[in-house]
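**Student:**
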Amino acid sequence: MTAEPSLLTESRIRAAYSEGAGIYRILPRAVAVPGSVAELAALVRWAADTRAPLVPRGAGSGMAGGNVGRGVIVDLSQGFRALTVDPARRLARAGASVTWAEINAAARGLGLRLPPDPSSGAFATSGGMVSTNAAGPRSLRYGSVRRWIDAVEIVGADGEIRVVRRGGGAGPWHPAPETRHLVDQHFPKTRKNSSGYALDAFAQSGDELDLLIGSEGTLAFITQVDWRLEPIFPDVAGVALGFGELEALSDTVPYLLALNPSAVELLDRTILSFVEAAGVTLPAGLACLLLVEFERETAMAARGVVGDA
Ligand SMILES: Cc1cc2nc3c(=O)[nH]c(=O)nc-3n(C[C@H](O)[C@H](O)[C@H](O)COP(=O)(O)OP(=O)(O)OC[C@H]3O[C@@H](n4cnc5c(N)ncnc54)[C@H](O)[C@@H]3O)c2cc1C
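Per the numbering used here, residue -11 is the first one in the sequence shown, and the count goes up by one each step.
#1: Just mark Asp303 as buried or exposed, buried being the case when its beta carbon has 16 or more other beta carbons within 10 Å.
#2: Use the C-beta contact count for Glu141: other C-beta atoms within 10 angstroms, 16 or more gives buried, fewer gives exposed.
#3: Quick one: measure Cβ to Cβ for Pro125 and Ala18, integer angstroms, because I've assumed they're closer than 8 Å.
#4: Give the straight-line distance between the Cα atoms of Ala275 and Glu264, rounded to the nearest whole angstrom.
#5: Since Leu234 is in the alpha helix (DSSP H), which residue starts that stretch and which ends it?
#6: Skipping 5 residues on each side, what residues in its chain have a beta carbon closer than 6 Å to that of Ser119?
#7: Which residues mark the beginning and the end of the alpha helix (DSSP H) in which Gln301 is found?
#8: Does the Cβ-Cβ distance between Val304 and Leu42 come in under 7 Å?
#9: Taking its Cβ as the centre, do 16 or more other Cβ atoms sit within 10 Å of Arg58, making it buried, or is it exposed?
#10: Taking the continuous alpha helix (DSSP H) assigned at Trp88, which residues delimit it?
#11: Using the C-alpha atoms, what's the distance from Ala208 back to Tyr185?
#12: Assuming Leu187 and Val152 make a contact with CB atoms under 8 Å, what is their CB distance in whole Å?
#13: May I have the straight-line CA-CA distance separating Arg134 from Phe282, to the nearest angstrom?
#14: If we ignore side chains and look at the alpha-carbon of each, how far apart do Gly48 and Met288 end up?
#15: With a 10 Å radius around its C-beta and 16 neighbouring C-beta atoms as the bar for buried, classify Gly50 as buried or exposed.
#16: Going by Cα to Cα distance, which pick from Gly147, Lys177, Ala225 is closest to Val25?
#17: Please report the residue range of the alpha helix (DSSP H) in which Thr258 lies.
#18: To the nearest angstrom, how far is the alpha carbon of Thr269 from that of Leu279?
#19: Which partner residues does Phe190 have in the DSSP bridge list?
#20: Determine the direct distance from the alpha carbon of Ala290 to that of Leu100, and round the result to whole angstroms.
#21: When you measure from the CB of Arg126 to every non-hydrogen atom of ligand 1, does any distance come out below 6 Å?
#22: Tell me, please, whether the stretch 211 to 225 touches the stretch 240 to 248 by the rule of three or more beta-carbon pairs shorter than 8 Å.
#23: For Thr72, count neighbouring Cβ atoms within 10 angstroms of its own Cβ and tell me buried if that reaches 16, exposed if not.
#24: Less than 7 Å separating the beta-carbons of Val62 and Ala20?
#25: Quick check for students: name the residue ranges of the beta strand (DSSP E) that lie wholly in the stretch -3 to 29, counting only runs of 3 or more.
#26: What are the start and end residues of the beta strand (DSSP E) that includes Glu281?
#27: Considering Cα atoms alone, identify which of Val227, Ile137, Lys180 is closest to Asp195.
#28: Let me know if Arg0 comes out buried or exposed under the rule of 16 or more other beta-carbons within 10 Å of its beta-carbon.
#29: Under 5 Å from any heavy atom of ligand 1, by CB: list those residues in chain order, please.
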């Protein structure tokens, strides 16, 4: 039997971890705050021995409820803070606790960035972003975080610590060829899908990494992430387009997409009413506002495309 880990069981601490950004409120049995990979691995082995459910948690900003539960909440937002940037290889190696903002602050001075930009980047952790396959306004051009992850270090359900790399194969998962075929035939062909495991990406690449990305902490603990970085564009320009009716977007957006924007974000009537409530006067009859960003190699190109838009 493995040793009993150090768990926090005070009711006010359990209450603090009973909520995330979502609507759920579930009081956990206890909270653990591991300070190292070895400590986490020991906790996982204890949980396997005692059949105690563990719930990984980063900043708690996920809204789908994966960061709360009845078992032991494992807070990974504190003990995994190492961060190094390798400009020659355009890579950032970040511990699970390191946020999107911290990665970009370290990379910016080297002319690099992590392109997908979740609006929660100020607090979303590396472990949380991988586990939710986070995306943001720039995902239009850069996709979700999936394609920017080179490798993750994990602690599996058996307490084993290992590194899972892009191109590293299926690991312990062995989908039969007919299963792959079924997924290929029937999985929804959508631009973005955050429901369940990314079986389509996994069937296509055969990489365990694709199964782990977006798995909401159900398959393994992520302790470290190798992020791919990209050079920051020299120039950027933006435009805000107002519409009297939402339906007009269906004609406009295909035209805008042809101009290769780097980000598009819609502010609908609900959001605009918050803007007005904050004291900003908007044109009468405005149904929605489309914010569009263009990144270009030169200021002239950026200004030119704004004119086209
Ligand atoms: C104001 C606001 C704006 C947001 N904007 C966006 C947005 O633009 N795009 C977007 O995609 N999301 C957005 N979100 C949702 C959320 O911020 C992201 O999903 C974020 O990536 C979650 O990171 P986190 O560290 O808070 O993870 P948590 O919320 O703590 O956890 C999320 C899930 O990941 C699992 N998990 C966390 N850490 C680990 C780990 N180390 N190992 C294994 N599993 C782990 C948890 O079990 C849970 O299932 C937003 C949320 C808020 C509140």
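Ideal Cβ placement from N, Cα and C applies to all residues, glycine included.
Treat the numbers as computed from the prediction; the structure is a model and nothing was measured.
**Tutor:** So, from the data block:
#1: Any answer about residue 303 is impossible in this case: the structure gives the chain only from -11 up to 297.
#2: buried
#3: About 38 Å separates the two Cβ atoms, so there is no contact after all.
#4: 13 Å
#5: Here Leu234 belongs to no alpha helix (DSSP H), and DSSP marks it neither H nor E.
#6: Glu204, Gly205
#7: There is simply no residue 301 to check, as the chain begins at -11 and stops at 297 in what is shown.
#8: Residue 304 is absent from the model: the chain starts at -11 and stops at 297.
#9: exposed
#10: 88 to 96
#11: 13 Å
#12: Not a contact, Cβ separation roughly 17 Å.
#13: 22 Å
#14: 42 Å
#15: buried
#16: Gly147
#17: 257 to 265
#18: 17 Å
#19: Answer is none; Phe190 lacks a bridge partner.
#20: 19 Å
#21: no
#22: no
#23: exposed
#24: yes
#25: 18 to 20
#26: 276 to 284
#27: Ile137
#28: exposed
#29: Ala9, Pro44, Arg45, Gly46, Ala47, Gly48, Ser49, Gly50, Gly54, Asn55, Leu64, Ala84, Pro106, Ser107, Ser108, Ala112, Thr113, Gly115, Gly116, Met117, Ser119, Thr120, Ala122, Ala123, Gly124, Glu204, Gly205, Phe209, Ile210
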